[in-house]
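Novice: Have a look at this one before I ask anything.
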Amino acid sequence: MFALIDANNYFVSCERVFRPDLANKPVVVLSNNDGCVVSRSSEAKEFIPMQATLYSIRHLEKQGKVQVFSSNPVFYKDMSRRVIETLCQFSPDVEQYSIDEAFMGLHGFTHRDLTEYGQEIRQTVKKWTNIPVSIGIAKTKTLAKLAAHVAKRKPECHGVFDWNSVDNAEPMLNAIDVGKVWGVGKRIRDRLKRVNIHTAYQLQNADEAWIKKLFGIMGLRTVLELKGTPCIPMEPDDLPKTMRIVSRSFGHLVTELSDIKEAVATYTTRCAEKLREDGLAAGCLTVSMRTSYYRKENQFYAARTMTLDSPTNDTTRLIEYALRLVEAAFQQGYEYLKAKVIATDLVSVDEIQGNLFSIGDDSDKGNRLMTAMDMINQKLGKDSVKFAAVGLKPTWTMKADYFSYRYTTHWSEIPTVKGYSKEVGQPINNQ
Amino acid sequence: MGFPIPGDAIEQSLNLNQLVIKNSAATFFMRVDGIHQTGADVNPGDVLAVDRSLDATDNALVVAAVNGELAVMRVQQVKHQIRPIVEHGSTQESQFEVWGVVTTIIRSMSPS
């Protein structure tokens, strides 16, 4: 059994998290660069079409008839992380499918009333994160997606719909356009319509051999899924997210601290580049060094680890930490052969949570510097710009005139609340 | 090989997040705005850790939405209802909903 958890008007819902004044008001969110409308509140859906240009709604915005926001991807990703974390309370099997959708495996939960369980999940996500979601439950992923579609549209579902709760699904499936079925894109939809398949029900009951001939194995898979035969399993999480290692033997045996420091700084630079390539930041850094295994005497191995105040992939910061670890680990009197830099506790850069100790941390500037360095080094060859170069600033900026705040990832942008006095419960007047 | 040997590693530093954030999905930070008021629970500039997963109890400090605005206040339980603590006369009912429960107040003692 599968559930699909789908956030309602996700970007708009994010913008409302800290803005109770926007409840029940028309709100839209624009695409990157303020291109067109990509998310609408239900109130806005009544008079603003999807993908409307900013130009076409500017007069409504000026008249105060709709609240417009530029895209705020950093904030949306952090809220998405929170929703997924909440879902993980309910099943060990959670797969994020997109920024606003996740599948949940419900194998072994079948003794429960799944509609009830769905309600519990939905209410908990709303309570913890303030994001409203709809939940579809069914025997297959494809049906779960359709169930979520139903849950969103039928008020009597209260946001949760389980296909198994209806005896005859035909009328409902017949009311759903075939283009809404997962895996049916615009082109396949047009082809299906040409062969007279217009609804999800018609596709479900199409001849399997005929579908396979026309649409291949993927088409057959969709039909089987619609019939309730699971063909698409839960995908495991991205695996390679665990660590990044740079380790090398020195060209010759090394005895001096200053030499090892130089080597480790170089390895750390490489390690930071790897992290940035993969959009990751390290929460923990380890440096180790050792003598040759093939020596009978005077063998030595040492490693030091530290947890960083906040995850980073900034070469400056990582080198600073790595050198401190080298100093802590290094012992005079050995001939070293090899050193290693290991970055662990990796997180996606967009998920980095504000940390109490990083107040005033100018990490944005660091990010831009790193991006610029990586770009130059990619174009002109490795190490064209090395680490003493500072002050590089990209001249481009994104167009975003209606930007809200990165409420949950930047200390200078956290939401404000009004203070109330203890005695009378009256607002402290803002001057 | 290559991993730190237990006991050999330098002590890790304390992580304040561990102390303040019990539920990382539901904890949000907010800054108090307004002017100083003697006897108030919070001062302007204070940073609040607010946990939405907790239920407000009698006399809890909460962030609540009042007439569409987020504000920090003490609440009381009247029968099964959580209401703001209000004395003298100001009984006029406003739109009120608890947003989250304040678990920690972070107050910087140096002027920023």
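The listed protein sequences derive, respectively, from chains D and C.
Just so we're aligned: 25 in the working numbering is position 25 of the first sequence, and the numbers increase by one with no gaps anywhere.
Just so we're aligned: 55 in the working numbering is position 55 of the second sequence, and the numbers increase by one with no gaps anywhere.
For glycine and all other residues, C-beta sits at the position ideal for the given N, C-alpha and C.
1) In chain C, which residues lie less than 7 Å from D:F432 when you measure between Cβ atoms?
2) When the distance is taken between beta carbons, is D:I131 closer than 8 Å to D:S13?
3) Can you find the residues in the same chain that come closer than 8 Å, C-beta to C-beta, to D:V184, ignoring five residues on each side of it along the sequence?
4) Please list the partners that D:K77 has in chain C, where partner means a Cβ-to-Cβ separation under 7 Å.
5) Under a CB-based cut-off of 8 Å, is C:A65 close to chain D?
6) For a test of the three-state rule: what should DSSP assign to D:W182, helix, strand or coil?
7) Contact check, D:V38 vs D:F75 under 8 Å by CB: the rounded distance?
8) Taking only beta-carbon positions, decide if D:N24 is within less than 8 Å of chain C.
9) Can you find a C-beta in chain C that's less than 8 Å from the C-beta of D:E85?
10) What number of angstroms, rounded off, separates the C-alpha of C:Q81 from the C-alpha of C:V98?
11) Straight-line CA distance for C:V62 to D:T408?
12) Please go through the same chain and pick out, in chain order, the residues whose beta-carbon is closer than 8 Å to the beta-carbon of D:K212, but skip the five residues on each side of it.
13) Residue range of the alpha helix (DSSP H) that D:P415 falls in?
14) Use the C-beta contact count for D:Y451: other C-beta atoms within 10 angstroms, 16 or more gives buried, fewer gives exposed.
15) Considering only DSSP beta bridges, list what C:R83 is partnered with.
16) Does D:G252 come out as helix, strand or coil in the three-state DSSP assignment?
17) Beta-carbon separation of D:A343 and D:M289 under 8 Å?
18) Among C:V101, C:V47, C:A64 and C:Q95, which one has its Cα closest to the Cα of C:L54?
19) Pick out the complete beta strand (DSSP E) segments inside the segment 1-26 of chain D, 3 residues or longer, and give them in chain order.
20) Could you check whether the Cβ of C:F28 sits closer than 8 Å to any Cβ belonging to chain D?
21) I want to verify the contact list: residues of chain C whose CB lies under 8 Å from the CB of D:S128, in sequence order.
22) Since D:Y402 and D:F161 are thought to touch, with beta carbons under 8 Å apart, how far apart are those beta carbons, to the nearest angstrom?
23) Which residues in the same chain as D:N174 place their Cβ atom closer than 6 Å to its Cβ, once the five residues preceding and following it in sequence are excluded?
24) Can you say whether D:H149 is buried or exposed, counting buried as having 16 or more other CB atoms within 10 angstroms of its CB?
25) Name the chain C residues that come within less than 8 Å of D:I99, Cβ to Cβ?
26) In this structure, how does DSSP classify D:G360 when only helix, strand and coil are distinguished?
27) According to DSSP, is C:V102 part of a helix, a strand, or is it coil?
28) So if I threshold CB-CB distances at 7 Å, which residues from the segment 306-322 of chain D count as touching chain C?
29) Kindly indicate if chain D contains any beta-carbon less than 8 Å away from that of C:D33.
30) Can you name the residues that DSSP bridges to C:M30?
31) For the beta strand (DSSP E) holding D:M306, just list the boundary residues, first then last.
32) Residues bridged to D:F103 by DSSP?
33) Roughly how many angstroms lie between the CA atoms of D:T53 and D:L308, to the nearest whole one?
34) Please state the DSSP three-state secondary structure of D:R112.
35) Determine the chain E residues that contact C:N59 at a beta-carbon separation under 9 Å, and present them in chain order.
36) Assuming the contact rule is C-beta atoms closer than 8 Å, D:E61 and D:E235 should be a hit. Round their C-beta distance to whole Å, please.
Specialist: A quick look at the data gives this:
1) Outside the modelled stretch of chain D, which goes from 1 to 431, sits residue 432 of chain D, for which no answer is possible.
2) yes
3) V178, L192, L203 and T222
4) What D:K77 touches in chain C: nothing, since even the nearest Cβ is about 14 Å away.
5) yes
6) coil
7) That pair is no contact at about 15 Å.
8) no
9) yes
10) 11 Å
11) 18 Å
12) G219 and L220
13) Segment: none, D:P415 is in no alpha helix (DSSP H) and carries neither H nor E.
14) The requested residue 451 of chain D is not part of the displayed model; chain D covers only 1 to 431.
15) C:Q76
16) The question names Gly, yet the displayed sequence has His at residue 252 of chain D. Strand.
17) no
18) C:V101
19) 2-7
20) yes
21) Checking the displayed sequence, the identity of residue 128 of chain D turns out to be Trp instead of Ser. Those are N23, A25, A26, R52 and S53, listed as they occur along chain C.
22) No, D:Y402 and D:F161 are not in contact; Cβ-Cβ is about 34 Å, not under 8 Å.
23) T199 and Y201
24) buried
25) Per Cβ cutoff of 8 Å: no residues; D:I99 is ~16 Å from chain C at best.
26) Below a pLDDT of 50, predicted positions are generally treated as unreliable, and D:G360, at 41, falls in that range; the measurement from the model is reported next regardless. Coil at D:G360, not helix or strand.
27) strand
28) M306 and T307
29) yes
30) C:L48
31) Y301 to T312
32) D:L4 and D:E95
33) 44 Å
34) coil
35) In the structure shown, chain E does not exist; the protein chains are D and C.
36) So it is not a contact: roughly 40 Å between Cβ atoms.
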